[in-house]
Structures are given as C-alpha cells and as structure tokens.
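Protein chains: 2
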Amino acid sequence: MSGERCFVLLWMAGDIVYVILVYDVNEKRVGKVLKKCRQYLNWVQNSVLEGEISDANYTKLTMELNKIINNEEDSVIIYNLRTTKYSTRQILGHERASTSTII
Amino acid sequence: MSGERCFVLLWMAGDIVYVILVYDVNEKRVGKVLKKCRQYLNWVQNSVLEGEISDANYTKLTMELNKIINNEEDSVIIYNLRTTKYSTRQILGHERASTSTII
Numbered sequence: 236m237s238g239e240r241c242f243v244l245l246w247m248a249g250d251i252v253y254v255i256l257v258y259d260v261n262e263k264r265v266g267k268v269l270k271k272c273r274q275y276l277n278w279v280q281n282s283v284l285e286g287e288i289s290d291a292n293y294t295k296l297t298m299e300l301n302k303i304i305n306n307e308e309d310s311v312i313i314y315n316l317r318t319t320k321y322s323t324r325q326i327l328g329h330e331r332a333s334t335s336t337i338i
Numbered sequence: 236m237s238g239e240r241c242f243v244l245l246w247m248a249g250d251i252v253y254v255i256l257v258y259d260v261n262e263k264r265v266g267k268v269l270k271k272c273r274q275y276l277n278w279v280q281n282s283v284l285e286g287e288i289s290d291a292n293y294t295k296l297t298m299e300l301n302k303i304i305n306n307e308e309d310s311v312i313i314y315n316l317r318t319t320k321y322s323t324r325q326i327l328g329h330e331r332a333s334t335s336t337i338i
C-alpha cells in the first residue's frame, strides 16, 4: 500500500511542469495566440506567460498553437523548467502582473 | 593539492549562471535596453535574450539596466536557471536565432 501511494505521488509530480512561454507573432495573430496561451498559463508581461501545466495540457497547447501560427512568420518558445526549484526570477522596474510562484 | 583544485572548480562553476531575460519597455528606450542586453546575452527573439553570464556581469547588467529603464513604465524580468541541466526549450514556428545551448 505504501509502495502504491508512493507510485501515485511520483506519477502526479511527473505530470505537472513549470513553463515560460514567449511569443513573437505577426500582429494579425497576436490576439488569438494570447487568448490560447491564457487558457493554460498566466500572463506576466507583454508576449510572456508562465505557469504550471500538466503534460497533457502542454501537448494540447502546442498542438493548438501550431494550428494558429504561421511557421514562416511566427515564433513561440516554450522553456520547460519542469520545476521552479532550481530557478529564481528578478524583476527590474514595474511588475506587470503578480505571479509569485518563482521567488 | 587535489582539494585545492576541487575548490577552484567549484568556485568557477558557481560563478556562471544561465539566464533568460525578457523586457517590455517604452519604445523610446528599446534600443538602449537591447544594446545593453546584447553586450552580455544572446538575442533569441523579439524582446527575449538568453545565455550564460558570470555572477559579476549579472550584477553589472542589472545595475546598468536600472539606470536605463523607467521604473514606472518599463519592466525587465530575468529568470535565473543557474544551469540548463533541468530545462528544455521547444520552438514552434520559425526559429529567429540559433542558440542551441538548451536542447
């Protein structure tokens, strides 16, 4: 029973990752891309979102973004940090949004 | 001697970190901010730079950016990943620049 619980916890932990998403897309598609990203992540700055996301939703998000963007013109980078344990975030100037998961 | 070499290696490893920098600044200051960031990091996408940087240069960069930006209007976020060991990067669409340190 203890082993089973351990397995379930490990499986759950592996299922959630922490990502930073930055996009640089033609203004015609900015609205659609932002709307799609906001469904899964938190907006932190112009063209930047971040947050925890399940592996399943990560796959869903990338598939949906691939349908919206133009491969010749647009670019989206997703940094998968897996966890925030090894990262810190420093903000200079004005904080646009308050996401305090990374300290 | 072996202990000394070990200490030197640890000191060197601790001195370099990997960062992602994203900025959202008034267009009047975009040129200056970009120029300053490019002195230390690699441009990867509109308003996004990344790369290895020494602790000393990290401090220098943040001090210099603080002199350029307007605290009421501008925002710069620096994610300090320390190492790329725990991160991956996925690019959707067109790759703007070729920085292949994160796989």
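Chains as they are written, first to last, in this note's numbering: chain A, 236 to 338; chain B, 236 to 338. Where is the CB? At the ideal position from N, CA and C, for every residue including glycine.
Excluding sequence positions up to five before and after I304(A), its CB lies within less than 7 Å of the CB of V260, R264, V268, V311, all in the same chain and listed in chain order.
Neighbours of Q280(B) in chain A, taken as residues at a C-beta separation under 7 Å, are given in chain order as V257, D259, S310, I312. Here E285(A) is buried. Its C-beta has 16 or more other C-beta atoms within 10 Å. Chain order gives the chain A residues near S322(B) as Y314, N315, L316, R317, Y321, S322, where near means a beta carbon separation below 9 Å. Taken through DSSP and simplified to helix, strand or coil, V260(A) comes out as coil.
Listed along chain B, the residues sitting closer than 8 Å to T297(A) by beta-carbon distance are Q325, L327.
Y314(A) sits in a strand when the DSSP states are folded into three classes. For N301(A), the residues of chain B that pass the 7 Å Cβ criterion are L327, in the order they occur in the chain.
Distances from the CA of H329(B) to each of V252(B), Y258(B), V279(B), I288(B) were compared; the closest alpha carbon is that of V279(B). In terms of CA proximity to Y275(B), A291(B) leads the group I326(B), A291(B), E262(B). Secondary structure of I303(A) (DSSP, three-state): helix.
Taking a Cβ-Cβ cut-off of 9 Å, the neighbours of V283(B) in chain A comprise V257, D259, S282, V283, I312, given in sequence order. In the DSSP annotation of this structure, the continuous segment of the beta strand (DSSP E) that includes L327(A) starts and ends at 323-328. Annotation: the continuous beta strand (DSSP E) that includes Q280(B) extends over 277-280. If you draw a straight line from the Cα of G266(B) to the Cα of N301(B), it comes to about 15 Å. With contacts defined by Cβ atoms closer than 8 Å, Y314(A) and S322(B) form a contacting pair. As a beta-bridge residue in DSSP terms, E287(A) pairs with Y253(A). For I304(A), the closest Cβ of chain B is nearer than 8 Å.
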